[in-house]
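Top to bottom, those sequences are chains W, C, S and Y. Going from the first sequence to the numbering used here is simple: count from 1 and add 7. Going from the second sequence to the numbering used here is simple: count from 1 and add 7. Going from the third sequence to the numbering used here is simple: count from 1 and add 7. Going from the fourth sequence to the numbering used here is simple: count from 1 and add 7. C-beta: ideal position from N, C-alpha, C; glycine also. Bear in mind that the values here come from a model prediction, so they are computed numbers and not experimental data. Worksheet: the structure to be examined is printed underneath.
Protein chains: 4
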Amino acid sequence: MVKERHSHIFQNNQLLTLSRSESVAPVEVTRRLTLRHVQSDFKTNALSTRNLVYCDDDVNSMLSSLCCVFMVAQAFALCPVRGITGRRAEDLSFTWRSIRVFYTIVVILALVVSLGFSFTWFLIVGFTFTTSGAIMFYVTGLTCCVLFLKLATKWPEVAMLWQQTEHNQIRYGYPTNLRLKIRAMTAVILTLALVEYVLSNANRMYIASQCSTGTFDLVRRYIMVTHRHVFGVIGYTTFMALFTSIVSVISSFYWSYADMFIMLVSIALASRFRLLNYHLKEVRGKVMPECFWRSAREDYNALSHLTSSVDSCVSSIVLLCFATNLFFICQQLLNSINRSLNTIQIVYFYVSFGYLLLRTIAMALYAASIYDESRVAKEVLYAVPAHSYQVEVHRFLIQVATDNVALTGLNFFPVTRTVLLTLAGTIVTYEVVLVQFGTTSDSSSSNMTALCLDLTTVHYIQ
Amino acid sequence: MVKERHSHIFQNNQLLTLSRSESVAPVEVTRRLTLRHVQSDFKTNALSTRNLVYCDDDVNSMLSSLCCVFMVAQAFALCPVRGITGRRAEDLSFTWRSIRVFYTIVVILALVVSLGFSFTWFLIVGFTFTTSGAIMFYVTGLTCCVLFLKLATKWPEVAMLWQQTEHNQIRYGYPTNLRLKIRAMTAVILTLALVEYVLSNANRMYIASQCSTGTFDLVRRYIMVTHRHVFGVIGYTTFMALFTSIVSVISSFYWSYADMFIMLVSIALASRFRLLNYHLKEVRGKVMPECFWRSAREDYNALSHLTSSVDSCVSSIVLLCFATNLFFICQQLLNSINRSLNTIQIVYFYVSFGYLLLRTIAMALYAASIYDESRVAKEVLYAVPAHSYQVEVHRFLIQVATDNVALTGLNFFPVTRTVLLTLAGTIVTYEVVLVQFGTTSDSSSSNMTALCLDLTTVHYIQ
Amino acid sequence: MVKERHSHIFQNNQLLTLSRSESVAPVEVTRRLTLRHVQSDFKTNALSTRNLVYCDDDVNSMLSSLCCVFMVAQAFALCPVRGITGRRAEDLSFTWRSIRVFYTIVVILALVVSLGFSFTWFLIVGFTFTTSGAIMFYVTGLTCCVLFLKLATKWPEVAMLWQQTEHNQIRYGYPTNLRLKIRAMTAVILTLALVEYVLSNANRMYIASQCSTGTFDLVRRYIMVTHRHVFGVIGYTTFMALFTSIVSVISSFYWSYADMFIMLVSIALASRFRLLNYHLKEVRGKVMPECFWRSAREDYNALSHLTSSVDSCVSSIVLLCFATNLFFICQQLLNSINRSLNTIQIVYFYVSFGYLLLRTIAMALYAASIYDESRVAKEVLYAVPAHSYQVEVHRFLIQVATDNVALTGLNFFPVTRTVLLTLAGTIVTYEVVLVQFGTTSDSSSSNMTALCLDLTTVHYIQ
Amino acid sequence: MVKERHSHIFQNNQLLTLSRSESVAPVEVTRRLTLRHVQSDFKTNALSTRNLVYCDDDVNSMLSSLCCVFMVAQAFALCPVRGITGRRAEDLSFTWRSIRVFYTIVVILALVVSLGFSFTWFLIVGFTFTTSGAIMFYVTGLTCCVLFLKLATKWPEVAMLWQQTEHNQIRYGYPTNLRLKIRAMTAVILTLALVEYVLSNANRMYIASQCSTGTFDLVRRYIMVTHRHVFGVIGYTTFMALFTSIVSVISSFYWSYADMFIMLVSIALASRFRLLNYHLKEVRGKVMPECFWRSAREDYNALSHLTSSVDSCVSSIVLLCFATNLFFICQQLLNSINRSLNTIQIVYFYVSFGYLLLRTIAMALYAASIYDESRVAKEVLYAVPAHSYQVEVHRFLIQVATDNVALTGLNFFPVTRTVLLTLAGTIVTYEVVLVQFGTTSDSSSSNMTALCLDLTTVHYIQ
């Protein structure tokens with residue numbers, strides 16, 4: 008009597024069935040059984056781990072970690088998606104008929120109005136760095152709000168995929184202290200943004216108090232000076248003062264928030280790659296069964312797929328962040344060679360510029376960390392011992408070598424560390440050109456009166 | 008008695024024949040049969056689909072879709088190939104002895120004459136942005152016409168290959184609404200071009216009416232001002248006025264048409280990749296027989312081959328489009344810092360510049376979409392389950408990873424999204440340099456008389 | 008009784024021997040025999056072809072084709088290698104003790120002396136475009152001569168490798184009309200260089216005749232004006248006049264010759280790849296035995312090895328060519344915005360600049376053609392039918408995809424079409440900067456006297 | 008009775024065991040035995056070689072070679088690691104509580120104080136090239152010291168890995184004359200640095216003697232002029248003069264040393280790759296057993312791993328070197344167009360600039376040589392005969408083709424030859440911009456008094 012086993016050899020065109028008699032050497036059988044045992048053991052562990060971690064590690068899931076970030080966003084009418092405080096992705100949903108979306112649309116309309124004022128002012132005054140700065144400021148705010156609205160429509164689906172990926176990879180657990188890290192990050196960045204904003208307003212308030220030559224009260228003067236793009240077009244009314252102040256605060260917030268959002272999403276994504284890499288590094292140089300490599304590859308592919316899904320949602324925001332930051336850094340540099348500023352303004356300039364630079368660098372580095380982490384597996388795969396180098400390892404290596412796992416700027420460029428280098432090069436080149444050829448034709452702001460009028464320049468680049 | 012089956016294992020140097028007794032397990036046989044069944048079923052479906060779609064989907068074939076585009080071209084003496092209204096690629100043919108080619112050659116001669124006038128004017132007046140613009144304008148027109156003539160000689164062959172590819176891949180059907188999309192696109196772009204052209208002429212006509220100080224009638228003055236490169240060299244005659252007006256219209260058309268042509272061909276090509284990708288995405292993560300992957304790979308390779316064939320015809324036109332658009336965008340930017348323009352001119356400038364920018368971006372993005380679509384298959388291949396990862400899948404992946412499927416600018420650069428980024432960088436750099444250092448030495452056009460004389464600047468960049 | 012055949016399966020770690028009984032199906036045996044037959048047939052053909060072609064096709068071998076190029080070189084003391092007129096690479100040899108090397112060293116010393124004069128003049132007059140041009144001119148000449156001397160020491164070995172590669176690939180024959188092409192090319196380029204040189208001298212002679220204000224005879228004035236770097240340092244003597252004229256002619260020749268040499272070597276190399284590609288394209292999509300692919304891959308690898316050997320000899324010359332041409336193109340552009348030139352000078356300028364540009368482009372394109380041709384095999388390999396896709400095909404594909412077959416500029420950059428694009432970008436940027444900011448501080452050469460003195464500028468860029 | 012052997016075929020998902028009767032052909036057995044014999048012979052040789060070389064070749068190990076380099080470093084408070092004179096990596100250790108670390112921290116504090124003075128001076132005088140140069144000078148020194156302290160904490164571990172790699176690859180022996188080469192290199196560079204430093208001080212001393220108009224002694228004047236960033240803030244005291252002189256010497260040394268360190272580490276690393284390549288090239292085109300390729304691949308991977316370990320320690324120093332050198336080269340170029348310098352200063356300028364340029368190029372080329380050497384294996388792998396092309400060779404090739412073995416600048420860019428090209432491009436562009444637009448607003452230093460005051464400019468760029 009003959010028993011048969013069938014194996015599909017890695018072959019050219021046909022499926023080949025090999026049948027042979029029951030004469031397998033005992034040692035081999037043992038080995039195979041051991042492997043199978045390891046494998047099932049592995050799975051059992053994974054399942055038991057799942058039950059364990061669900062209780063106390065769950066807070067580090069993406070949903071729970073990013074929860075507070077979305078709550079802050081919704082306070083400012085961004086990302087109007089329902090159920091962000093829920094613990095399951097199934098709770099998330101987006102409908103056009105909701106109070107949140109209504110709020111968002113109101114803000115969008117307000118931004119459109121403000122942009123309209125800026126543009127009218129631009130047509131009146133002509134092209135200067137103040138007017139173009141004002142337009143850029145509100146264009147950024149408006150675009151940001153619209154892009155986050157678009158993101159809201161897609162987020163429930165992406166969150167579902169993310170949660171599913173987390174559950175499938177429950178054996179790696181959740182990233183340690185992810186929620187804490189994200190909350191701390193949020194707190195630090197928002198505090199810095201607030202400090203910078205308060206400082207800039209205090210500064211301007213002080214200067215407004217200096218140039219009080221008329222009968223206006225301080226606040227009115229301050230607001231008129233700060234929002235010249237509105238009150239250079241229409242007369243002063245309390246309603247417009249309130250309106251334009253609120254819109255300005257919101258737009259300032261958006262600019263900081265977009266960077267922060269990219270940063271935090273990148274941290275969450277990169278931490279998942281880091282978990283996988285940690286487990287891969289542990290088996291560096293060890294003989295592992297093929298099933299191990301298969302599941303590792305599938306996990307890697309799932310993360311790669313998740314990254315490209317997230318990217319399809321946020322890539323436009325990434326591009327917006329880079330473009331806006333580059334624009335305002337260059338504008339700040341232009342201000343930097345304007346030597347007629349007083350000490351207070353210089354100190355404020357350095358604080359503001361340092362904050363902007365730091366935020367841009369942090370955002371770029373965190374976004375690039377996804378790419379960096381996705382490369383790490385390669386080194387482990389090169390070190391797989393010859394005995395356990397099989398199809399799955401080869402396939403894994405090919406994927407790591409040819410796949411491009413990274414956030415992108417609207418698919419125009421992948422966000423790697425090279426982007427930061429290019430950015431640095433661009434900024435340095437611009438600075439060299441500026442230093443080499445002195446200031447632009449815009450040589451005003453030399454006396455106090457001009458300062459009172461040109462304060463807005465400083466404003467839009469906060 | 009012993010039956011034998013022979014299989015060629017994927018091996019090193021020798022063909023290995025394995026023979027063994029008829030002891031294949033029933034389950035395996037069944038599986039093999041099932042696969043074969045699926046495969047033949049697949050083919051039957053494909054054939055029946057072919058019969059079905061030939062009737063009503065055929066209008067979305069490349070030939071039928073691009074038919075109107077070629078008709079428009081031939082009205083302006085471009086691409087003088089016979090049989091463009093036919094439904095089969097076999098109807099297309101090119102012979103030098105045809106009325107179409109004669110028409111084309113007449114236009115080429117006319118363009119050569121106009122270019123001669125421009126060059127003579129350049130030698131008389133010297134290097135200014137007006138004269139170099141005039142030369143560039145007619146060089147573009149002439150090159151365009153010659154390149155389309157060259158294209159015509161190759162097109163029948165390429166169309167044949169395209170049709171054959173479509174027939175071989177009939178199981179994917181034809182791209183939905185391709186003809187409609189292309190016709191709508193053609194209509195929109197040509198309308199915009201017309202609007203821009205009429206606007207520019209109306210604008211110039213109005214200004215010509217303003218500076219009427221002599222006894223000339225309006226039209227004559229208008230033509231003399233508009234075509235200074237001719238009437239700055241010889242005296243005014245009605246024949247030359249007519250001649251130069253027609254040549255100018257044709258050359259303007261060519262410039263718009265070349266961009267549009269690249270756009271529409273790219274849409275047609277990318278839609279074929281999209282069809283294939285759609286079918287690949289449907290089987291994402293599913294176990295498929297190797298024959299499925301083989302045919303998918305062969306289809307991909309056929310499209311890749313088609314792309315490189317099309318590219319060998321149109322790559323010179325692609326380079327021409329990019330070079331010309333970049334030149335005229337930079338020239339427009341130079342005009343933009345010329346502050347002595349009146350309101351009408353400013354409005355016209357924004358319309359004209361916006362149209363030019365939009366067209367360039369659209370052209371670059373559509374051309375890049377071929378490359379983008381050709382990358383999509385990679386993601387599906389990474390997700391092929393371990394069970395069905397065989398040689399064909401590996402080969403497919405290697406091809407997608409190492410092949411460069413894209414239109415190119417005369418083989419100097421592949422047209423990907425990066426090209427647009429580089430273009431944007433170049434333009435922004437140029438604008439920064441311009442803004443930073445003010446206008447050029449060419450500081451004329453300040454009063455109305457100068458405007459009357461310098462109108463041609465605006466003309467050549469329409 | 009049992010016969011055995013052994014096959015080494017493509018396996019992981021151990022060599023596996025399969026033994027089985029003589030039960031191979033007849034059809035398979037037949038197939039194997041056919042393959043073997045085809046193969047031996049192939050080889051027989053190759054051998055008979057070899058005998059045939061040795062007689063009349065031999066003239067198109069590299070040695071015979073490049074023979075005249077080296078003869079021209081040796082007339083000007085370049086590449087002092089023995090036996091260049093021989094038909095076999097074995098005839099080539101290099102010894103330091105030969106009349107050729109002595110001649111070369113004499114020329115090198117003369118160039119060093121001239122460079123010394125230029126440098127002294129530079130220290131006297133200071134940094135101007137005339138002095139830096141003179142230094143660059145002689146540095147180029149000197150470096151060129153030294154590099155060709157270094158090339159001579161390596162050439163016999165490379166020629167041997169090249170000849171051996173040709174003999175191993177005798178079944179592809181020799182490139183059609185290679186010798187004719189190279190001779191025609193040499194003739195055209197040298198004629199153009201001569202025309203340009205004569206024109207430039209006639210031009211200067213004419214101007215020298217114009218500014219005759221003293222008692223000097225024409226030739227003396229001409230030489231003093233042309234070689235100011237010498238006669239600005241020491242007084243006029245007939246010996247120095249002769250010496251400096253000869254050195255100047257030789258240095259001019261070197262500059263043209265280096266470009267031409269790179270061009271012709273590239274043509275010869277690319278033609279070998281073209282031969283291979285021609286034979287590969289013939290079997291596009293056909294089922295071929297693995298031995299066919301193995302020999303094709305080995306031939307490809309031999310050509311790749313040959314390319315890198317040639318590159319190790321000529322890469323420094325390639326870098327020199329690119330650097331020198333870029334420098335002189337930029338200097339010519341600087342002259343181009345110098346508007347005080349008369350008509351004769353303008354015409355001469357366009358001829359000279361056109362020749363320089365054309366030569367640079369031709370050199371870059373021909374050198375890049377090696378890379379282009381080395382990519383062609385990829386397309387054929389993608390189209391190999393599934394049945395005959397075996398290890399050798401895969402290996403071939405991997406090599407084509409990962410190998411970088413190209414000449415390089417001293418290993419700093421591979422010479423592909425991208426280099427030309429970068430070059431064009433650099434030149435256009437430089438021109439834009441020049442046009443935008445007018446002439447340099449060097450605003451002399453406005454009247455005839457200055458022209459007489461500054462003629463040398465024009466001289467060094469011929 | 009049936010004996011069985013089992014082999015694991017390179018297959019898809021299952022381990023396949025083939026069992027067959029004892030009918031292996033004698034020839035095959037012989038072959039297998041031979042291979043095994045070769046292999047064990049190989050190992051025996053390796054072991055005997057190990058015993059041999061331990062005695063006299065050991066001096067060329069990394070530890071022994073770099074020993075003197077670290078001794079020089081510790082004399083200047085860099086890299087405070089214990090046991091650098093030991094012959095084994097186990098002797099190396101780092102503890103925070105050591106006299107070396109204390110010394111380092113004292114120097115760091117001194118640098119912080121100097122930087123504080125420079126910054127105060129910057130705030131007083133404002134942004135000039137002198138003040139920014141002073142700040143950059145001490146920032147470089149401080150960063151360098153901190154980075155080497157950080158390096159010291161990691162070095163024992165890296166040295167251990169390096170030593171282990173050397174022992175595992177003892178069959179390749181040690182690089183010939185590595186210690187000699189490194190010592191000679193150290194001597195040459197430090198001598199050059201000393202010459203340059205002495206020259207610059209002699210030069211300044213001479214000028215200080217020229218402008219003696221008061222009652223100060225020469226040394227005091229010299230020090231006050233040289234260290235204006237200190238004595239422009241506080242009054243002259245002997246202690247501060249001594250302090251600032253020592254700190255200045257140390258900081259100057261750091262700048263030279265960092266470049267040298269990268270250079271020497273690169274030489275040591277590249278020499279290991281060269282050893283491996285030498286052994287690979289010897290078997291070019293020969294049939295080798297798979298075990299040979301396996302061990303070669305593992306050795307390559309070990310070196311790749313070692314490179315990335317070293318890189319993780321020194322990448323920040325690499326970035327610092329490139330950034331600093333680029334900054335000071337550009338500053339020197341800015342000085343170069345300052346035409347009011349006298350002859351002594353010009354000569355000093357050329358010596359100083361030449362030294363800086365040479366050091367930068369040497370550093371970049373040596374660092375890039377690691378990458379260059381890591382590519383060499385590819386060519387050997389392409390030439391592996393078809394018979395011995397097995398999984399290990401394929402895997403090796405894939406690794407060489409996809410791995411990026413190079414030092415990096417803080418992971419922002421790999422240090423390849425391209426970096427040098429980019430650097431050259433940047434510098435040339437900067438120079439062109441400078442020459443094209445003349446000097447900056449900083450047009451002082453025309454008379455002797457100004458020279459006495461502005462000497463510091465020259466100082467900081469030594």
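Legend entry - Between the CA atoms of Y204/W and F268/W - distance to the nearest angstrom: Taking the Cα positions, F268/W is about 19 angstroms away from Y204/W.
Inset, instruction - Under 8 angstroms by Cβ, that's how I've got S535/S and V254/S pegged, so tell me the actual separation to the nearest angstrom. - result: With chain S covering 8 to 469 only, the question about residue 535/S has no answer from this structure.
Legend entry - Nearest-angstrom beta carbon gap, R291/S and A390/S [assumed within contact, 8 angstroms]: Cβ atoms of A390/S and R291/S come within 8 angstroms of each other, at about 5 angstroms.
Legend entry - Length of the line joining the Cα atoms of N184/S and S263/C: For N184/S and S263/C, the distance between alpha carbons rounds to 43 angstroms.
Inset, instruction - Quick one: give me the first and last residue of the alpha helix (DSSP H) that E97/Y is part of. - result: For E97/Y, no alpha helix (DSSP H) segment is defined, and its DSSP state is neither H nor E.
Inset, instruction - State yes or no: is the beta carbon of T56/S nearer than 7 angstroms to at least one beta carbon in chain C? - result: In this prediction, T56/S has a pLDDT of 44, which is less than 50 and means its spatial position is unreliable; nothing more can be read from the coordinates.
Legend entry - Cutoff 7 angstroms: L99/S Cβ touching any chain C Cβ: For L99/S, no Cβ of chain C is located within less than 7 angstroms of the residue's own Cβ.
Legend entry - Cβ-based burial, R104/Y [other Cβ within 10 Å; buried from 16]: So R104/Y counts as exposed.
Inset, instruction - Quick one: using the 10 Å Cβ neighbour count with 16 as the cut-off for buried, is I274/W buried or exposed? - result: Buried, because 16 or more other Cβ atoms sit within 10 Å of the Cβ of I274/W.
Inset, instruction - Tell me, please, whether the CB atom of L107/C is closer than 7 angstroms to any CB atom in chain S? - result: Here the sequence assigns Arg to residue 107/C, which means Leu is not the residue at that position. No, its Cβ sits nowhere closer than 7 angstroms to a Cβ of chain S.
Inset, instruction - Label H394/C either buried or exposed according to how many other C-beta atoms from any shown protein chain fall within 10 Å of its C-beta, with 16 as the threshold for buried. - result: Looking at its Cβ environment, which holds fewer than 16 other Cβ atoms inside 10 Å, H394/C is exposed.
Inset, instruction - May I ask you to report which of helix, strand or coil DSSP gives T415/Y? - result: Here T415/Y carries a strand assignment [DSSP, helix/strand/coil].
Legend entry - Terminal residues of the alpha helix (DSSP H) in which T314/C lies: T314/C -> alpha helix (DSSP H) spans E297 to S343.
Legend entry - Coarse secondary structure for R291/W, derived from DSSP in three states: Residue state, collapsed to three classes: coil.
Legend entry - Partner residues on chain S for D410/C, Cβ-Cβ distance less than 8 angstroms: For D410/C, the C-beta contacts it makes with chain S under 8 angstroms involve K385 and Y389, in order along the chain.
Inset, instruction - Taking only beta-carbon positions, decide if T41/Y is within less than 7 angstroms of chain S. - result: Its pLDDT being 42, under 50, T41/Y is placed unreliably in this model, and the value from its coordinates should be taken loosely. No, no contact with chain S.
Legend entry - DSSP bridge partner residues for P421/W (one or two, in chain order): Its beta-bridge partners are T415/W.
Legend entry - Reduced DSSP category for R104/Y - H, G, I as helix; E, B as strand; rest coil: R104/Y: coil per DSSP, three-state reduction.
Inset, instruction - Count the other CB atoms, across all protein chains shown, that sit within 10 Å of the CB of T150/S; report buried if there are 16 or more and exposed otherwise. - result: Classification of T150/S: buried, given that the 10 Å Cβ count is 16 or more.
Inset, instruction - Can you have a look at Q171/C and say buried or exposed, based on whether 16 or more other CB atoms are within 10 angstroms of its CB? - result: It is exposed - the Cβ of Q171/C has fewer than 16 other Cβ atoms within 10 Å.
Legend entry - Span of the alpha helix (DSSP H) around T193/S: Run containing T193/S: L185 to Q217, per the alpha helix (DSSP H) assignment.
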